[in-house]
Amino acid sequence: HTIYLKDYAPTPYRIVSADLDFRIREEATRVRAQLTIEPRPGTEPGTPLVLDGDELKLDSIAMDGAPMVLSAYTSDANGLTLVEPPPRRFVLETEVTLKPEANTRLMGLYRSGGTWCTQCEPEGFRRITYYLDRPDILAPFKVRMTAPRSLAPILLANGNLLEQGDAGEDMHYAVWEDPFPKPAYLFALVAGDLGSITDSFTTMSGREIALAIYCAHGKEDECHYAMDSLKRSMAWDERRFGREYDLDVFNIVAVSDFNFGAMENKGLNIFNDRLVFAKPETATDANYHGIERVIAHEYFHNWTGNRITCRDWFQLCLKEGLTVYRDQEFTSDERSRPVQRIHDVQNLRTNQFPEDGGPLAHPPRPDNYREINNFYTTTVYEKGAEVVRMLATLLGEAGFRKGMDLYFERHDGEATTIEAFLKVFEDANGVDLAQFGIWYTQAGTPQVDVTDSYDAASQTYTLTLAQKVDPTPGQAEKQPLLIPVRFGLIGPNGSPMGWTGVSGGEVRDDLILFDRASVTLTFTGIASRPVPSLFRGFSAPVKVTSNLGQEQLLFLARHDSDPFNRWDALQTASTALIADAARGKDWSGTDIDALRQALLDTLDDPGLDPAFKAQAIAIPAATVVARHIGHDVDPDAVAAARKRLMTAMVGPVAERLEAKYRALSSSEPYSPDAGQAGRRSLRNGLLGLLVAGSDRGAPLATAQYTGAANMTDRYAAMAIAAHYWTGDAQAILGDFRTIHAGDPLVFDKWLTASAQAPDDRVVERMRAILAAPDFPRTNPNRLRSLLGPFVMSNMVQFARKDGAGFRFITEAVAEIDRVNPQVASRILTGFRILPILEPARRDKGREALAALRDREGLSRNVADILDRLLAG
Ligand code: ARG
Ligand code: ZN
Numbered sequence: 007h008t009i010y011l012k013d014y015a016p017t018p019y020r021i022v023s024a025d026l027d028f029r030i031r032e033e034a035t036r037v038r039a040q041l042t043i044e045p046r047p048g049t050e051p052g053t054p055l056v057l058d059g060d061e062l063k064l065d066s067i068a069m070d071g072a073p074m075v076l077s078a079y080t081s082d083a084n085g086l087t088l089v090e091p092p093p094r095r096f097v098l099e100t101e102v103t104l105k106p107e108a109n110t111r112l113m114g115l116y117r118s119g120g121t122w123c124t125q126c127e128p129e130g131f132r133r134i135t136y137y138l139d140r141p142d143i144l145a146p147f148k149v150r151m152t153a154p155r156s157l158a159p160i161l162l163a164n165g166n167l168l169e170q171g172d173a174g175e176d177m178h179y180a181v182w183e184d185p186f187p188k189p190a191y192l193f194a195l196v197a198g199d200l201g202s203i204t205d206s207f208t209t210m211s212g213r214e215i216a217l218a219i220y221c222a223h224g225k226e227d228e229c230h231y232a233m234d235s236l237k238r239s240m241a242w243d244e245r246r247f248g249r250e251y252d253l254d255v256f257n258i259v260a261v262s263d264f265n266f267g268a269m270e271n272k273g274l275n276i277f278n279d280r281l282v283f284a285k286p287e288t289a290t291d292a293n294y295h296g297i298e299r300v301i302a303h304e305y306f307h308n309w310t311g312n313r314i315t316c317r318d319w320f321q322l323c324l325k326e327g328l329t330v331y332r333d334q335e336f337t338s339d340e341r342s343r344p345v346q347r348i349h350d351v352q353n354l355r356t357n358q359f360p361e362d363g364g365p366l367a368h369p370p371r372p373d374n375y376r377e378i379n380n381f382y383t384t385t386v387y388e389k390g391a392e393v394v395r396m397l398a399t400l401l402g403e404a405g406f407r408k409g410m411d412l413y414f415e416r417h418d419g420e421a422t423t424i425e426a427f428l429k430v431f432e433d434a435n436g437v438d439l440a441q442f443g444i445w446y447t448q449a450g451t452p453q454v455d456v457t458d459s460y461d462a463a464s465q466t467y468t469l470t471l472a473q474k475v476d477p478t479p480g481q482a483e484k485q486p487l488l489i490p491v492r493f494g495l496i497g498p499n500g501s502p503m504g505w506t507g508v509s510g511g512e513v514r515d516d517l518i519l520f521d522r523a524s525v526t527l528t529f530t531g532i533a534s535r536p537v538p539s540l541f542r543g544f545s546a547p548v549k550v551t552s553n554l555g556q557e558q559l560l561f562l563a564r565h566d567s568d569p570f571n572r573w574d575a576l577q578t579a580s581t582a583l584i585a586d587a588a589r590g591k592d593w594s595g596t597d598i599d600a601l602r603q604a605l606l607d608t609l610d611d612p613g614l615d616p617a618f619k620a621q622a623i624a625i626p627a628a629t630v631v632a633r634h635i636g637h638d639v640d641p642d643a644v645a646a647a648r649k650r651l652m653t654a655m656v657g658p659v660a661e662r663l664e665a666k667y668r669a670l671s672s673s674e675p676y677s678p679d680a681g682q683a684g685r686r687s688l689r690n691g692l693l694g695l696l697v698a699g700s701d702r703g704a705p706l707a708t709a710q711y712t713g714a715a716n717m718t719d720r721y722a723a724m725a726i727a728a729h730y731w732t733g734d735a736q737a738i739l740g741d742f743r744t745i746h747a748g749d750p751l752v753f754d755k756w757l758t759a760s761a762q763a764p765d766d767r768v769v770e771r772m773r774a775i776l777a778a779p780d781f782p783r784t785n786p787n788r789l790r791s792l793l794g795p796f797v798m799s800n801m802v803q804f805a806r807k808d809g810a811g812f813r814f815i816t817e818a819v820a821e822i823d824r825v826n827p828q829v830a831s832r833i834l835t836g837f838r839i840l841p842i843l844e845p846a847r848r849d850k851g852r853e854a855l856a857a858l859r860d861r862e863g864l865s866r867n868v869a870d871i872l873d874r875l876l877a878g
C-alpha cells in the first residue's frame with residue numbers, strides 16, 4: 007500500500023532512551039532491548055503502542071521488570087503491539103534472536119566476510135529489535151556488546167566507549183554510549199577481526215578527536231587516502247560552515263558487502279570498501295576522487311543529517327540534497343571548481359534528467375511512496391543539491407551562510423522538514439521563497455526556450471525566455487518556477503558588453519530572476535549584436551533550446567568568460583550534429599571543420615587546465631544524444647552517428663592528436679592529485695578519440711594497456727578497447743581477468759569493461775559470467791559492476807532489437823530479487839529508457855517487464871518499480 011506525506015502524524019508514544027544488549031555468537035545473536043517509553047502529552051490512556059519489527063523472533067517480553075501476559079500484546083510479521091500500555095513512563099524489555107548469517111538483504115544486522123555489521127537506514131533497525139523505526143523518534147542509545155574474542159576482537163558502536171573487558175571463556179564485552187539523541191536509522195554496530203589505521207584531528211576549539219579506519223587485515227595501507235580526506239573534510243566544515251565535530255572519536259569501517267556507497271551512522275560510518283581502499287596499482291583517479299567525495303559526504307552528514315535530521319522519509323532530500331551540495335563544494339574548493347561543476351552537471355544530465363523525464367519521475371520531495379528504498383534516487387540526491395545551489399545563487403554566498411547559520415541554531419537536535427529549511431533562509435534574509443519552494447514539490451526537468459533579436463536602429467537587444475515542464479506521473483499540471491539565470495552578453499570582439507537599461511523583467515546584476523511562463527527582456531544601449539551566454543555555471547537544472555547556431559556556439563566556446571559555458575557550447579554543438587546524423591540529416595563540411603577547429607584551439611590554449619580540456623574534447627555519450635532526440639530512438643543509428651562524428655573530427659588531424667597524446671605521457675611517480683589526474687584524463691580522452699575516429703588508436707590502446715604504470719591508464723585503455731571493440735579488445739579483457747581475478751575490486755573493473763562491449767555476443771558472455779559457479783552472486787558490488795553499466799550505458803545491446811538484452815536483465819533481476827531486493831530494483835530502473843525508444847524495441851522491453859510481473863513472490867521493491875515502469 008501507499009504512504010502519503012499528508013498523513014504524517016507524530017506517534018502517540020515516544021522513546022525516552024534505548025538500552026541495548028547484544029550477545030553475539032557464531033550460531034546466532036540475541037538482542038535484549040530495554041526501552042524507556044512514555045505517552046506524549048494528550049495521548050488518550052489505553053491507546054495501543056505499535057512497534058515496528060521485520061523478520062524478528064520474539065523470545066521474551068517484560069513490562070517494568072515483570073513478564074507480560076499473552077493477552078497484553080500481539081506480534082506479527084510487521085511488528086509488536088502493546089494492547090493497552092500504562093498511561094505513564096514505563097520500561098519495555100524484549101528479547102529477540104537474529105540470524106545475521108542468513109541475512110542476504112544486507113539490511114539490519116548481517117555478516118560481511120565474517121564481520122558482524124549493520125545497515126539501518128531507512129528501515130533496517132526494525133530487523134534488529136522492535137522499535138518506533140522512524141526518523142522523528144530521537145533517543146540516546148547505550149549499547150553493550152559481548153562477542154567471542156577470537157572472532158571479534160574489535161567491538162564498535164555509536165558514540166564514545168564507556169568500558170570494555172573480559173566476559174569469561176573466550177568472550178569479551180564493550181559498552182558504548184551515544185549522548186546525542188538520534189533516530190534508529192543512525193544506529194550502528196560492528197564486531198569483527200579487523201585491522202586499522204589511526205590518526206587524530208584537533209578541532210577549532212582545541213578538542214582532540216581520535217580517528218580510526220577499520221578494514222580487513224592486510225588492507226591498512228590502502229586506507230591512507232581516505233584518512234587524509236577525512237581530516238581535510240573536518241577542517242573544511244569548520245572553515246566554510248563553522249561546524250565542529252562533537253564526539254571524542256570518529257570511526258570508519260570498510261566492509262565488502264554493502265548495498266550502496268556508505269552510511270553516516272553517528273560516530274561510526276560504515277563504508278562499502280570500494281570507497282575506502284586505494285593504491286595506484288589497483289585504484290583509478292576516479293576511485294580516489296570518489297573516496298574523497300564520499301568520505302566528505304558522510305562526514306558532513308554529522309551536522310546535516312545527524313544533529314539535524316528528517317521528520318519523515320519524504321524529507322530525505324533535506325539531508326541528502328544539502329549534503330551532496332556540501333560535498334560538491336568541498337571538492338570544488340579542494341580541486342578545480344569549473345572541472346567539478348562540469349563533472350556534476352554531466353552526471354545530472356546522464357542520470358537525473360533521464361529519471362526526471364521518464365516513468366520514474368518524482369519531485370525531490372515526493373508526497374507518496376510504496377517502498378522508501380526506491381526513493382534514494384538521483385533526483386533526491388543530485389537534483390536536491392541543485393535546488394540548494396540555486397538558493398545559494400539567489401541569496402549570494404553571505405545570505406546563504408546566514409540562512410545556514412540560522413538552520414543550525416534553530417533546528418539543532420530536531421527532526422525537521424523542507425518547509426523549515428526554506429524558512430530559515432526567508433527569516434535570515436527577509437525574502438519570500440514561496441515560489442522557489444515549488445522546485446521541491448514539482449517533478450520534471452523544465453524546458454527553457456530562448457530567442458533573441460537585435461535592433462540596430464534603436465540599439466536595443468531583446469531576449470525572450472519561455473519555460474515549460476512536461477507532465478510527469480501523477481502531476482499533469484505544472485506551475486512556473488523561479489529560475490535563476492546567471493548570464494552575460496558578449497560583444498563581437500569577445501569581451502563582455504554592458505547595457506544602459508533593462509526592462510520587462512527582474513534583472514539583478516548578472517542574474518535574471520525568471521519567474522513566469524515567459525519573459526521578454528529589453529536591453530538598451532547595445533552598440534552591436536551580442537551573443538548571450540545564459541545559465542552560466544549551470545545556474546539552474548533545466549534543458550535549454552535556443553536559436554543560437556553553431557557559429558555562435560563556437561564563438562562562446564572560444565570567448566565566454568564562464569568556463570562551464572565554454573564547455574557546454576561545445577557539447578551542445580556536437581550533440582546537435584550527432585542527433586542530426588542519427589536522424590538521417592546530412593552535415594555540411596563547414597560544420598565539421600569549424601567544430602574540429604574549436605576543439606583543436608581548446609587543446610592548444612595554454613591558459614586552460616588539462617582536466618578542463620579533457621572534458622571539452624569529450625564527445626557526448628550516446629545516452630545523452632538519445633535523450634536529446636527524445637523519441638523513436640534507434641540506438642544503432644545513434645552509435646553509428648556518434649562514431650561518424652568522431653571519425654570526421656579526428657581523421658584529418660589524427661597525427662596531431664597522436665603527437666599530443668604522446669607528449670602527455672609521463673614517467674613521474676603516480677600521485678592522485680588533481681593536476682596529475684587531469685593530465686591523465688586528457689591523455690585518455692585523446693586515446694578515446696583516436697580509437698573511435700582513426701585506425702591509429704587501436705594499437706595505441708593495446709600499447710598503453712600493456713605498458714601502463716598505474717591502474718588509471720591501464721583501465722582506461724581496457725575500457726576504451728572494449729567500448730569501441732578493437733581487434734585486441736578480447737585479448738585485453740582476457741589478460742586483465744587472468745591477472746586481476748584475485749582482487750574483488752579490480753575484478754569489478756573487468757566486469758564493468760566487459761559489460762560495455764557493443765558486439766552481439768556480449769549478452770551471451772554476461773550470462774556465462776553470472777552463471778559461473780564461483781561468481782559471488784550475493785555481493786552487491788559484483789552484481790552492480792556487471793549489470794549497472796550494461797543497462798545504463800550499453801544502449802545498443804541492452805535495447806537490442808530482438809529483446810535479448812531486456813530478457814537477460816529481467817531474468818537476472820528475478821533471481822537477484824530473492825537474495826537482495828534493493829540491488830534487484832536498482833538494476834531494473836534501467837528500463838526507464840523505454841519511452842524514448844522506437845516502437846519495436848519499446849514493445850520488446852514491455853514484454854520482458856510483463857513476463858517479470860507474472861512471476862510469484864516479487865519483493866515490494868521490484869513490484870513498485872515494475873508497476874511504475876509499466877504504467878508509464
Ligand atoms: N544515507 C546514505 C548516504 O547518502 C545512504 C543510504 C542509502 N540508503 C538506501 N536505502 N539506499 O550517504
Ligand atoms: Zn547522504
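Read in full-length UniProt numbering, the sequence shown has 709 at position 703, and its numbers run on one by one without any break.
Where a beta carbon is used, it is the ideal one built from N, C-alpha and C, also for glycine.
Please read these numbers as outputs of a predicted model, since none were measured by experiment.
Simplified DSSP assignment, three categories, for residue i
{"i": "Leu-834", "result": "helix"}
{"i": "Ala-877", "result": "helix"}
{"i": "Pro-782", "result": "coil"}
{"i": "Met-74", "result": "coil"}
{"i": "Ala-39", "result": "strand"}
{"i": "Thr-506", "result": "coil"}
{"i": "Thr-451", "result": "coil"}
{"i": "Leu-554", "result": "coil"}
{"i": "Gly-198", "result": "strand"}
{"i": "Gly-405", "result": "helix"}
{"i": "Pro-705", "result": "helix"}
{"i": "Arg-20", "result": "strand"}
{"i": "residue 892", "result": "Look at the range of the chain in this structure, 7 to 878, and you will see that residue 892 is not part of it."}
{"i": "Trp-593", "result": "coil"}
{"i": "Arg-492", "result": "strand"}
The alpha helix (DSSP H) enclosing residue i, as first and last residue numbers
{"i": "Thr-354", "result": "Checking the displayed sequence, the identity of residue 354 turns out to be Leu instead of Thr. Unbroken run through Leu-354: none, as it is neither H nor E."}
{"i": "Arg-859", "result": "845-859"}
{"i": "Thr-329", "result": "322-340"}
{"i": "Glu-770", "result": "768-777"}
Residues near residue i by beta carbon distance below 7 Å, same chain, minus five either side
{"i": "Tyr-721", "result": "Thr-290 and Lys-755"}
{"i": "Ala-449", "result": "Asp-362, Ala-367, His-368, Pro-369, Thr-478 and Gln-481"}
{"i": "Ala-533", "result": "Gln-465"}
Alpha carbon of residue i to alpha carbon of residue j, nearest angstrom
{"i": "Arg-535", "j": "Arg-662", "result": "36 Å"}
{"i": "Asn-357", "j": "Tyr-375", "result": "21 Å"}
{"i": "Thr-447", "j": "Pro-370", "result": "7 Å"}
{"i": "residue 886", "j": "Leu-281", "result": "This structure cannot speak to residue 886, because the chain is shown only from 7 to 878."}
{"i": "Thr-506", "j": "Phe-529", "result": "7 Å"}
{"i": "His-7", "j": "Ile-67", "result": "30 Å"}
{"i": "Leu-527", "j": "Val-330", "result": "34 Å"}
{"i": "Val-829", "j": "Leu-875", "result": "17 Å"}
{"i": "Phe-96", "j": "Pro-779", "result": "53 Å"}
{"i": "Ala-643", "j": "Asn-571", "result": "28 Å"}
{"i": "Arg-650", "j": "Gly-657", "result": "10 Å"}
{"i": "Pro-616", "j": "Gly-59", "result": "54 Å"}
Residue burial classification, residue i (beta-carbon count within 10 angstroms, cutoff 16)
{"i": "Asn-84", "result": "exposed"}
{"i": "Asn-499", "result": "exposed"}
{"i": "Ile-833", "result": "buried"}
{"i": "Pro-675", "result": "exposed"}
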